[in-house]
Structures are given as C-alpha cells and as structure tokens.
Amino acid sequence: MKQDPVCLMEIDETEARSQGLTAEYHGRTYFFCSDQCKEDFDRDPEIYASQAGSSDQPDEFQADDYI
Ligand SMILES: [Zn+2]
53 MKQDPVCLME IDETEARSQG LTAEYHGRTY FFCSDQCKED FDRDPEIYAS QAGSSDQPDE
113 FQADDYI
C-alpha cells in the first residue's frame, strides 16, 4: 500500500495509476487520492516528499551494504 503524501491516506497504486493520480519527484513516484492532493503536491513537492515514504523504503542504503 502506498500513502498519499499530502493527506496521508492509504492509496491503491493500481487505482491511482489508472486515474493518473501520480507524480514523479527526485526519482520517486508518489500516489494521490485526488486531483486536489496532486495539485497541492505539485505546488510544493519538497514539503510533502520529505515527510513521505520513510516507512516503505529502507534507510540503510549504504554503499558498504551493496551486493
Ligand atoms: Zn489525498
């Protein structure tokens, strides 16, 4: 399950994709529940991108761990 970075609602990825409610920012894809949330994100992506996604991406992505 993905999370809408604006309203923090859980998002069905397939559903969001089919409705075009996605945005790419710094190489990551974000999913939204509505056009309104997408607009808010597009206006100020940095605010939302920084608080989203920490739970579904490993933090320890160090060069040493690579392999
Ligand atoms: Zn939303």
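If you number the sequence shown the way the numbering used here does, the last residue is 119 and the count never jumps.
We put the CB at the ideal spot given by N, CA and C, even for glycine.
- With a cutoff of 8 Å on beta-carbon distance, Asp-94 and Val-58 are scored as not near each other.
- Leu-73 counts as buried, since no fewer than 16 other beta carbons sit within 10 angstroms of its beta carbon.
- Assigned with DSSP and collapsed to three states, Gln-71 falls in coil, not helix or strand.
- Spatial neighbours of Lys-54 in its own chain (CB-CB distance under 6 Å, excluding positions within 5 residues in sequence) are listed in chain order as Ile-63, Glu-65, Phe-83.
- Phe-83 sits in a strand when the DSSP states are folded into three classes.
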